[in-house]
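Take any residue in the sequence shown, note its place counting from 1, add 1, and you have its number in the working numbering.
Glycine is no exception: its CB is placed at the ideal position from the N, C-alpha and C atoms.
Keep in mind it's a predicted model, so treat the numbers as computed, not measured.
See below for the structure under consideration.
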Amino acid sequence: MKLRQLALATVVAAAGLSSALVPSVASAQAKEQFFPVLVYRTGAYAPNGVPFANGYVDYLKLVNARGGINGVKVSFEECETGYATDRGVECYERLKGKGATVFQPLSTGITFALTEKAPNDKIPLITAGYGRSESQDGGVFKWNFPIAGTYWVAGDVIVQDIAKKLGGTDKLKGKHIALVYHDSPFGKEAIPILQERANMHGFKLSLLPVTHPGVEQKSTWLQIRRDRPDYVVNWGWGVMNSTLIKEAQATGYPRDKIYGVWWAGAEPDVKDIGEGAKGYNAITMQHGAEPNAAFVKEILQKVHGKGQGTGPKDEVGQVLYVRGAMSAMFAVEGVRAAQERFGKGKVMTGEQARWGYENLDLTQAKLDALGFKGVMRPVSTSCQDHMGANWARIHTWNGSKWEFSSDWYQAEESIIKPMVKAAADKYAAEKKLQRRTPADCQS
């Protein structure tokens with residue numbers, strides 16, 4: 002027996018992922034709800050991917066510390082994607098047969114690939130704050146859930162904040178906004194909403210793609226220095242963000258005229274620049290850095306306090322850590338909602354969990370009870386609306402930390418809804434899909 006235990010310990014240690022593997026071993030022996038965890042702890046985007054993954058995993062550990070989901074314990078297994086679409090698909094194929102509840106790809110490119118696979122495998126995808134913006138339309142995208150925000154929401158709210166600073170949307174006419182975007186499906190998601198707003202308000206929109214991973218931006222900033230746009234929108238991720246701010250500093254472009262998407266507004270993007278990034282704005286996916294949130298304090302007590310924290314204690318409550326924890330909370334609460342229909346205290350299948358994500362009703366009272374008071378607003382999904390909330394705020398780097406610099410904004414539904422339906426209808430036509438029937442909405 003001792004030899005056998007030693008062999009198992011050796012395998013776990015060699016993998017270097019004991020915190021991820023041990024729960025998956027348990028899932029084979031017990032009745033547990035299994036959550037695959039796609040991560041990128043390596044590669045160019047690791048500085049941003051790691052805190053998200055740590056927040057995600059720590060929240061799952063907190064769920065177990067709270068007693069599980071109506072008594073059902075959670076298990077999980079990490080799989081490293083390196084932010085590469087092919088590796089993300091490999092992770093999906095390897096983990097889907099282990100009783101996967103839901104996948105969160107954490108990459109728009111991986112999301113595009115898995116959107117084709119999920120319907121056949123009957124496994125839902127949560128893409129909170131990324132992925133296909135048109136997948137808000139549950140009438141076409143039955144298995145995709147961009148809960149709490151899409152890139153079209155982000156782009157719309159950024160334009161709203163710029164307009165407010167100018168004194169009204171009429172003041173946008175004749176202005177010049179440059180979109181510096183990651184040249185990938187992620188970066189390109191911003192283009193339709195900004196083009197729509199440009200056509201509506203008469204501002205000039207320049208599109209400036211940046212090649213992965215984003216460290217080479219000299220030519221981009223030569224163009225910005227020449228054209229001197231009124232505002233720059235940064236649709237970046239990872240090292241691209243800090244590079245952009247440093248180039249703006251070198252060029253003399255005012256940082257308070259730059260807006261980042263919510264994947265370009267966290268501590269790793271600005272902390273090494275400090276005062277040089279002061280004034281830089283970013284939209285938030287509702288939350289910002291939340292060191293005083295109740296769930297953060299609970300994780301520090303029940304997870305880190307027991308020596309079970311996934312990463313460094315001082316990152317708990319930072320922007321991307323909170324994003325990871327929030328995303329895990331969505332995954333768990335969808336299962337809890339599904340149990341209300343299919344049986345409390347039971348393990349839910351991916352198909353049953355999908356119903357839960359489509360009938361998610363996170364009231365403010367529920368969010369407060371989960372420890373998210375002051376962090377986010379209610380989320381309520383439906384058959385037709387797989388996003389469930391379209392609120393956002395702006396926060397600004399003050400030289401040492403992020404501070405909220407706006408009140409809540411709501412994305413303009415009169416603009417976004419027709420865009421979503423048109424894009425979803427186009428996708429359905431290309432894939433020869435029929436819109437869901439009222440009966441299917443009950444299934």
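Here's a check: name, in chain order, each residue in its chain whose Cβ is nearer than 6 Å to the Cβ of residue i, leaving out the five neighbours to either side.
{"i": "residue 441", "result": "none"}
{"i": "residue 160", "result": "198"}
{"i": "residue 88", "result": "82"}
{"i": "residue 139", "result": "384, 385, 387"}
{"i": "residue 304", "result": "59, 62, 63, 310"}
{"i": "residue 260", "result": "159, 234, 282"}
{"i": "residue 33", "result": "74, 76"}
{"i": "residue 355", "result": "125"}
{"i": "residue 231", "result": "176, 177"}
{"i": "residue 170", "result": "164, 202"}
{"i": "residue 531", "result": "Because the chain here runs from 2 to 444, residue 531 falls outside it and cannot be looked at."}
{"i": "residue 29", "result": "Low confidence applies here, because residue 29 scores a pLDDT of 40, under 50, leaving its location unreliable and the question unanswered by this model."}
{"i": "residue 23", "result": "Because residue 23 carries a pLDDT of 40, less than 50, the predicted location of this residue cannot be relied on, and no value is offered for it."}
Can you tell which of the options has its C-alpha closest to the C-alpha of residue i?
{"i": "residue 262", "options": "432, 176, 289", "result": "289"}
{"i": "residue 286", "options": "229, 200, 141, 265", "result": "265"}
{"i": "residue 61", "options": "315, 299, 410", "result": "299"}
{"i": "residue 250", "options": "166, 275, 44", "result": "275"}
{"i": "residue 117", "options": "101, 136, 129, 73", "result": "136"}
{"i": "residue 416", "options": "69, 47, 193", "result": "193"}
{"i": "residue 203", "options": "176, 229, 221", "result": "176"}
{"i": "residue 183", "options": "65, 212, 354", "result": "212"}
{"i": "residue 55", "options": "65, 66, 42", "result": "42"}
{"i": "residue 420", "options": "195, 370, 171, 111", "result": "195"}
{"i": "residue 407", "options": "393, 366, 227", "result": "393"}
{"i": "residue 178", "options": "186, 171, 228", "result": "228"}
{"i": "residue 69", "options": "215, 432, 399, 340", "result": "340"}
{"i": "residue 189", "options": "201, 241, 110", "result": "110"}
{"i": "residue 108", "options": "97, 93, 187, 67", "result": "187"}
{"i": "residue 402", "options": "269, 80, 185, 171", "result": "269"}
{"i": "residue 214", "options": "221, 220, 185", "result": "185"}
{"i": "residue 220", "options": "206, 200, 248, 205", "result": "248"}
{"i": "residue 444", "options": "343, 154, 370, 410", "result": "343"}
{"i": "residue 318", "options": "301, 348, 432", "result": "301"}
{"i": "residue 414", "options": "365, 258, 174, 153", "result": "153"}
For residue i, which residues in the same chain have their Cβ closer than 8 Å to its Cβ, ignoring the five residues on either side in sequence?
{"i": "residue 25", "result": "Below a pLDDT of 50, predicted positions are generally treated as unreliable, and residue 25, at 41, falls in that range; no measurement from the model is reported."}
{"i": "residue 437", "result": "139, 140, 141, 143, 384"}
{"i": "residue 2", "result": "Residue placement at residue 2 is flagged as unreliable, the pLDDT there being 38, under the threshold of 50; the coordinate-derived value follows with that caveat. Closer than 8 Å at Cβ, skipping near neighbours: no residue."}
{"i": "residue 321", "result": "49, 52, 53, 56, 267, 268, 269"}
Residues in the same chain with beta-carbon distance under 7 Å from residue i, minus the five sequence neighbours each way, listed in chain order, please.
{"i": "residue 57", "result": "38, 325, 326, 328, 329"}
{"i": "residue 273", "result": "243"}
{"i": "residue 445", "result": "Here the chain covers residues 2 to 444 and nothing more, so residue 445 does not appear."}
{"i": "residue 123", "result": "351, 352"}
{"i": "residue 372", "result": "294, 295, 296, 299"}
{"i": "residue 65", "result": "74, 75"}
{"i": "residue 368", "result": "374, 377, 379"}
{"i": "residue 241", "result": "183, 211, 214, 215"}
{"i": "residue 399", "result": "279"}
{"i": "residue 1", "result": "No answer is possible for residue 1: the residues shown for the chain start at 2 and end at 444."}
Cβ of residue i within 7 Å of Cβ of residue j?
{"i": "residue 49", "j": "residue 346", "result": "no"}
{"i": "residue 180", "j": "residue 223", "result": "no"}
{"i": "residue 218", "j": "residue 244", "result": "yes"}
{"i": "residue 316", "j": "residue 52", "result": "yes"}
{"i": "residue 246", "j": "residue 278", "result": "yes"}
{"i": "residue 84", "j": "residue 46", "result": "yes"}
{"i": "residue 86", "j": "residue 114", "result": "yes"}
{"i": "residue 291", "j": "residue 323", "result": "yes"}
{"i": "residue 191", "j": "residue 156", "result": "yes"}
{"i": "residue 256", "j": "residue 239", "result": "no"}
{"i": "residue 380", "j": "residue 389", "result": "yes"}
{"i": "residue 1", "j": "residue 357", "result": "The structure shown has nothing for residue 1, since the chain only spans 2 to 444."}
Rounded C-beta distance between residue i and residue j? I'm assuming under 8 Å.
{"i": "residue 424", "j": "residue 391", "result": "Their Cβ separation, rounded to whole angstroms, is 16 Å, which puts residue 424 and residue 391 out of contact at 8 Å."}
{"i": "residue 254", "j": "residue 284", "result": "Actually they are not in contact, since the Cβ atoms of residue 254 and residue 284 sit about 19 Å apart, beyond 8 Å."}
{"i": "residue 428", "j": "residue 162", "result": "Rounded, the Cβ-Cβ distance is 30 Å, inconsistent with contact."}
{"i": "residue 112", "j": "residue 95", "result": "Going by Cβ atoms, the distance from residue 112 to residue 95 rounds to 18 Å, so no, they are not a contact pair."}
Open item on the list: Across the stretch 333-349 and the stretch 360-369, are there enough close Cβ pairs to call them in contact, namely three or more that are closer than 8 Å?
Closed with: yes
Open item on the list: When you compare the stretch 101-112 with the stretch 126-135, are there three or more beta-carbon pairs, one atom per stretch, that lie closer than 8 Å?
Closed with: yes
Open item on the list: If contact is defined by three or more beta carbon pairs under 8 Å, each pair taking one atom from either stretch, is the stretch 165-179 in contact with the stretch 139-154?
Closed with: Pairwise C-beta distances place the stretch 139-154 out of contact with the stretch 165-179, as fewer than three of them are shorter than 8 Å.
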